[in-house]
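Q: Chains A and B, in that order, are what the protein sequence lines are.
Count along the first sequence from 1, then add 769; that gives the number in the numbering used here.
Count along the second sequence from 1, then add 232; that gives the number in the numbering used here.
We put the beta carbon where it would ideally sit given N, CA and C, even for glycine.
If you scroll down you'll find the structure; I have some questions about it.
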Amino acid sequence: MDFLHGLRVVEPANEQEVSAALLCANRDGLAVIPRGGGTKLDWGNPPARAGLILSTARLNRIIEHAWADLTVTVEAGCTVADLQHALAIRGQRLALDALWPERATVGGILSVNDSGALRLTYGGLRDLIIGITLVLADGTIARSGGKVVKNVAGYDLPKLATGALGTLGVITQAIFRLHPLPRNTRTLTLDCADIDSAQALLLTLQGSNVAHTALQVRLGGSMAPKMDILLEGTDAGMEAQEARIRGLARVTLIEKGDTSIWRAREELTAGGAFSKLSVLPANIATTVSAIERTGDPEWYAVFYANGIGWLSLNAPLNELRVEVEAGGGSLFVLRRSPAQARMDTWGETGDALPLMRAIKSQFDPNGTLNPGRFAGGI
Amino acid sequence: MSSTLLAPAILDELRSVVDPRGLLTARDELRTYECDGLTNFRVAPGAVALPVSTEQVQALVRICHRARIPFVARGAGTGLSGGALPTAGGLLISLARMNRILEVDLPNARVVVEPGVINQEVTAKIAHARYFYAPDPSSQSVCSIGGNVAENSGGAHCLKYGFTTTHVLALEVVLPDGSLVHIGKKTPDAPGFDLPGIFVGSEGTLGIATRITLRIVKRPECIQTLLAAFHSTNEAGAAVSGIIAAGMLPAAIELMDNLAIHAAEAAVHAHYPDCGGLLLVELDGPEAEVRALMEQVGQICRDHGAWEIRVAQTETERTLVWKGRKAAFASVGRISPNYLVQDGVIPRTMLPEVLNEIERMGAESGLRVANVFHAGDGNLHPLVLYDSRIPGQESAAMAVSEKILELCIEKGGSITGEHGVGVEKKHMMSKMFAEPDLQTMQRVRCAFDPLQLSNPAKIFPRPRLCGERAGEYKPHSVEVAGLAERF
Ligand SMILES: Cc1cc2nc3c(=O)[nH]c(=O)nc-3n(C[C@H](O)[C@H](O)[C@H](O)COP(=O)(O)OP(=O)(O)OC[C@H]3O[C@@H](n4cnc5c(N)ncnc54)[C@H](O)[C@@H]3O)c2cc1C
Chain A
770 MDFLHGLRVV EPANEQEVSA ALLCANRDGL AVIPRGGGTK LDWGNPPARA GLILSTARLN
830 RIIEHAWADL TVTVEAGCTV ADLQHALAIR GQRLALDALW PERATVGGIL SVNDSGALRL
890 TYGGLRDLII GITLVLADGT IARSGGKVVK NVAGYDLPKL ATGALGTLGV ITQAIFRLHP
950 LPRNTRTLTL DCADIDSAQA LLLTLQGSNV AHTALQVRLG GSMAPKMDIL LEGTDAGMEA
1010 QEARIRGLAR VTLIEKGDTS IWRAREELTA GGAFSKLSVL PANIATTVSA IERTGDPEWY
1070 AVFYANGIGW LSLNAPLNEL RVEVEAGGGS LFVLRRSPAQ ARMDTWGETG DALPLMRAIK
1130 SQFDPNGTLN PGRFAGGI
Chain B
233 MSSTLLAPAI LDELRSVVDP RGLLTARDEL RTYECDGLTN FRVAPGAVAL PVSTEQVQAL
293 VRICHRARIP FVARGAGTGL SGGALPTAGG LLISLARMNR ILEVDLPNAR VVVEPGVINQ
353 EVTAKIAHAR YFYAPDPSSQ SVCSIGGNVA ENSGGAHCLK YGFTTTHVLA LEVVLPDGSL
413 VHIGKKTPDA PGFDLPGIFV GSEGTLGIAT RITLRIVKRP ECIQTLLAAF HSTNEAGAAV
473 SGIIAAGMLP AAIELMDNLA IHAAEAAVHA HYPDCGGLLL VELDGPEAEV RALMEQVGQI
533 CRDHGAWEIR VAQTETERTL VWKGRKAAFA SVGRISPNYL VQDGVIPRTM LPEVLNEIER
593 MGAESGLRVA NVFHAGDGNL HPLVLYDSRI PGQESAAMAV SEKILELCIE KGGSITGEHG
653 VGVEKKHMMS KMFAEPDLQT MQRVRCAFDP LQLSNPAKIF PRPRLCGERA GEYKPHSVEV
713 AGLAERF
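Okay, structure coming up:
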């Protein structure tokens, strides 16, 4: 990321210092690039300007784990793994399987709205975050939401900041609702003949009352689809569900997979270029055909049952994007191959773009925070 | 004070947008629209428009925008915070006639509806395929999806399934200047800001939703509801903590105190045990799982002093149990001439402490307080009973009600869990949030509605001056060209 090369880095120790740093940068016309673990600084478009890196490395405390209330208040620079370790002591977790948890921070995963296989059951970060502290470009420190899981007092700024790529304010603190760690888990893996049968089985399972926690399909240019199903709960419950799945899948050969399979998305991202897709669950097979039509046999993908998928592919993606968007979906080019170098990360924002720009203008009129990295040039 | 804002020429213009029955101006017709479910606040609108299409809503809003007339959207008018309270002399836009279910997509578990569709009709439409729409406010047989969206309404089963906001994927919205935007998509994570996330729960202040894409949920294999009778709400509250601590996520956990039980019994004969604290726990999922966990829930309840436990197994038994709970607000009318409903939230662990304090406050002011609430997520609904014919009781009731909210804030909670701020709790917002917090929220308001015409004077105690729209964000020319400066 050569645009960040040689930039000054500030590492504030608290939100007042974040506020002071932003105030100065904003006044002096320095564009600020907030940084957590630095794992996704190349996501989004390259910034139009960059004058300063604001690191949340020192804002890494877990402020309060109210375990009996199943909530946690944590600073933005805390890594996901550190947070999960602390929560596990009380048998709890943030029910989200983030990418690179050892390095990714709470502020970072919120800003890119990261989510994995568990989202099917527990929702995404927008559904797990209940409170936020944001520091705006002009230094304003603003809190929204709170410590209770149910709360409709005022606008839901935690959701607005989630997935905003740090363009509205720097997240310094977040409050999450938590879930208990599962008593037992079981992973089943089964082979599908082709993508059409994988698609059909996925819809059958989603339309059944099997209560699987997660479901993913892994496939590639040289790999027939494999489906992984995660069960959680009591032994009796899992036993009954496994039997049900065997019946619906009409296969006898189901291996008990190992849990590392749920990090398939992470493996995929190790190979260079990758993109995120969001399509309708029933459109996964047609999306795969469109992927095949790029003509590049070297592809590999993981699709979750909610239609969110991760794709490793080096070929140009323009036509795939057009098809995905026509079907009501989105394609995000997160790490580009040389053939994708000029692609916009985000794609079509539709008629809501003027409204998004108006929001940006209200929060950050000078374009101080991550200018140009977000959708529609925001 | 009537129709001062609406000159005859404007009324003619509005009338030309809708059909002849689509604009109400007669005094007695307007009376129905003077208030929502919070009946002690009443204001007459200048006129009521009943559009039947997005285009009509747009045309109405454009007229308002041009003539600077404030407008308020209204669904079914069951709101409990005065959200649909008209602006004096302004235009009230009722979405009641936009009530079609436009699309049902079972493979993708999505439904597209117009805002006037009644909550329960969504589930009715898809029940044949064993799907349901999860958010289930007690008012679900009468309230509209548009109102649910505006309030981010909850319901007993939101403990497991999430509130309205979790189930709204996309919206078509008429902005306060009359323009139309499509926010969110049929698929999650649409590029750009999470605009559905900010629109849901904005109480009609950011524009009018004219089309809504909802997520629906498959009915679980097995549903069981347990009723446990305790001597006190304290014991019942402790059992709730026990259930949560055991790592379970029930579909619903509801609690009623003795006064609420009596009211519900009088109204619907749900055959509740006569006890100090009644706990209602619903588990759903695969049958084997539900059976195993229900045993444990029963044991936890007994350990905390439950003296009677029943499990409703059949659909009829369950329906009766829920009928009693859902009728609780209305049935309080059977035991008291008047009452105020509150909607505070506290961290679950504070339940026993806060319930004791509420009882003490009631006793101190000589009023009875009935409690019926979503115990699983700490959302209290104290019902402060009074008799308006007795001088001083109404104001005493309002004082108790407000003190309860202050207590919720003090315990780290919120002044509203699902009914919204509206007009009723505006002044409490400054007790819960600092001024910069409220000003920051209103930056969103300024982006959507710089003239503050859409449901003005709600939510925020002090409106923010937005300035002109000239401040619209314009990307720097180098950004447009996509050229990053190198350092
Ligand atoms: C007996 C009773 C029980 C209740 N139980 C619950 C409960 O369990 N949970 C709960 O959450 N609430 C409950 N409520 C409150 C109420 O039913 C909900 O707030 C409901 O969502 C309001 O819907 P409505 O259609 O009546 O909206 P209205 O009251 O007409 O309007 C509510 C708000 O929505 C706005 N609005 C309406 N339509 C639109 C639109 N299309 N676009 C933008 N804004 C719009 C209005 O301007 C207003 O601010 C209860 C109310 C009663 C009377």
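Between the C-alpha atoms of Asn466 (chain B) and Arg298 (chain B), what's the straight-line distance to the nearest angstrom?
A: 57 angstroms
Q: Cα-Cα, which of A:Ser1044, A:Gly1076, A:Asn1087 is closest to Lys809 (chain A)?
A: Ranking A:Ser1044, A:Gly1076, A:Asn1087 by Cα distance to Lys809 (chain A) puts A:Ser1044 first.
Q: Shortest alpha-carbon distance to Leu823 (chain A) belongs to which of A:Ala855, A:Arg1019, A:Ala886, A:Leu905?
A: Checking every option, the nearest Cα to that of Leu823 (chain A) belongs to A:Leu905.
Q: Check for me: the beta strand (DSSP E) holding Cys296 (chain B) runs from which residue to which?
A: Not the beta strand (DSSP E): Cys296 (chain B) falls in the alpha helix (DSSP H), residues 286-299.
Q: Report yes if the C-beta distance between Pro369 (chain B) and Gly348 (chain B) is below 8 angstroms; otherwise report no.
A: Contact flag unset, no.
Q: When the Cα atoms are used, what is the spatial distance from Leu459 (chain B) to Ala544 (chain B)?
A: Annotation: Leu459 (chain B) to Ala544 (chain B) spans about 8 angstroms, alpha carbon to alpha carbon.
Q: Within 8 angstroms of any Cβ in chain B, is that where the Cβ of Ser1099 (chain A) sits?
A: yes
Q: Could you check if Ala468 (chain B) is buried or exposed, using at least 16 other CB atoms within 10 Å of its CB as the buried criterion?
A: buried
Q: Would you kindly work out how many angstroms separate the C-alpha atoms of Val249 (chain B) and Val405 (chain B), rounded to a whole number?
A: 18 angstroms
Q: Would a check of beta-carbon distances place Gln1131 (chain A) closer than 8 angstroms to chain B?
A: Under the Cβ distance rule, Gln1131 (chain A) counts among the residues neighbouring chain B, one pair being separated by less than 8 angstroms.
Q: At 8 angstroms on the CB atoms, spell out the chain A contacts of Pro668 (chain B), in chain order.
A: Thr909, Ile910, Ala911
Q: Am I right that Ala461 (chain B) and Glu540 (chain B) are in contact with their C-beta atoms under 8 angstroms? What's the rounded C-beta distance?
A: Their Cβ separation, rounded to whole angstroms, is 4 angstroms, which keeps Ala461 (chain B) and Glu540 (chain B) in contact under 8 angstroms.
Q: Got a sec? Which residues, its chain only, sit under 8 angstroms from Pro579 (chain B) by beta carbon, not counting five neighbours each side?
A: Gly610, Lys643, Gly644, Gly645
Q: Gly938 (chain A): which of A:Pro1123, A:Arg912, A:Ala864 sits nearest, CA to CA?
A: A:Arg912
Q: Can you pull the chain B neighbours of Ala901 (chain A), defined as C-beta to C-beta under 7 angstroms?
A: The residue asked about is misnamed: residue 901 (chain A) is Ile in this sequence, not Ala. Close partners of Ile901 (chain A) in chain B (Cβ separation under 7 angstroms) are lacking, with about 10 angstroms as the shortest Cβ gap.
Q: If we define contact as Cβ-Cβ less than 8 angstroms, is Gly433 (chain B) a contact residue for chain A?
A: yes
Q: Is the beta carbon of Arg306 (chain B) within less than 7 angstroms of some heavy atom of ligand 1?
A: Yes, the Cβ of Arg306 (chain B) comes within 7 angstroms of a heavy atom of ligand 1.
Q: Looking at the C-beta of Leu255 (chain B), does it have a partner C-beta in chain A at a distance below 8 angstroms?
A: no
Q: Nearer than 7 angstroms: is that true of the beta carbon of Asp268 (chain B) relative to any heavy atom of ligand 1?
A: Flag set: Cβ of Asp268 (chain B) near ligand 1.
Q: Please report the straight-line C-alpha distance between Asp883 (chain A) and Gln1131 (chain A), rounded to a whole angstrom.
A: 26 angstroms
Q: May I ask which residues mark the beginning and end of the beta strand (DSSP E) holding Thr902 (chain A)?
A: 898-904
Q: For Ser1047 (chain A) and chain B, any beta-carbon pair shorter than 8 angstroms?
A: Chain B, which has a Cβ nearer than 8 angstroms to the Cβ of Ser1047 (chain A), makes this yes.
Q: Output, in sequence order along the chain, the residues in the stretch 684-695 of chain B whose CB is closer than 9 angstroms to any CB in chain E.
A: Judged by its chain identifiers, the structure shown contains no chain E, and its protein chains are A and B.
Q: Name the DSSP bridge partner or partners of Asn1087 (chain A)?
A: DSSP, once it has assigned bridges, lists no residue as partnering Asn1087 (chain A).
Q: Within the 8 angstroms Cβ cut-off, does Ile440 (chain B) reach chain A?
A: no
Q: What's the gap between the Cα of Leu1138 (chain A) and the Cα of Val787 (chain A)?
A: 13 angstroms
Q: Taking any Cβ of chain B, which residues in the stretch 988-1013 of chain A have a Cβ under 9 angstroms from it, in chain order?
A: Gly1002, Thr1003, Asp1004, Ala1005, Gly1006, Met1007, Glu1008, Ala1009, Gln1010, Arg1013
Q: According to the Cβ coordinates, are Val616 (chain B) and Ala492 (chain B) closer than 8 angstroms?
A: no
Q: Please classify Asn340 (chain B) as buried or exposed, where buried requires at least 16 other C-beta atoms within 10 Å of its C-beta.
A: buried
Q: Measuring alpha carbon to alpha carbon, tell me which of A:Ala967, A:Asp797, A:Gly914, A:Ala1012 ends up nearest Ala520 (chain B).
A: A:Ala1012
Q: Identify the contact partners of Leu926 (chain A) in chain B, using a Cβ-Cβ distance below 8 angstroms as the criterion.
A: Within chain B, the residues near Leu926 (chain A) are Ile430, Thr672, Met673, Val676.
Q: Please report how far the alpha carbon of Leu401 (chain B) lies from the alpha carbon of Leu446 (chain B), in whole angstroms.
A: 6 angstroms
Q: So, are the CB atoms of Ala483 (chain B) and Gly556 (chain B) less than 8 angstroms apart?
A: no
Q: Is Thr355 (chain B) close to chain A? Criterion is C-beta to C-beta, closer than 8 angstroms.
A: no
Q: Using the beta-carbon of each residue, which ones in chain B are nearer than 7 angstroms to Pro949 (chain A)?
A: Ordered by position in chain B, the residues that pass the 7 angstroms Cβ test against Pro949 (chain A) are Gly479.
Q: Per DSSP, what kind of secondary structure is Met480 (chain B) in: helix, strand or coil?
A: Looking at Met480 (chain B) - three-state DSSP - the assignment turns out to be coil, as it is neither helix nor strand.
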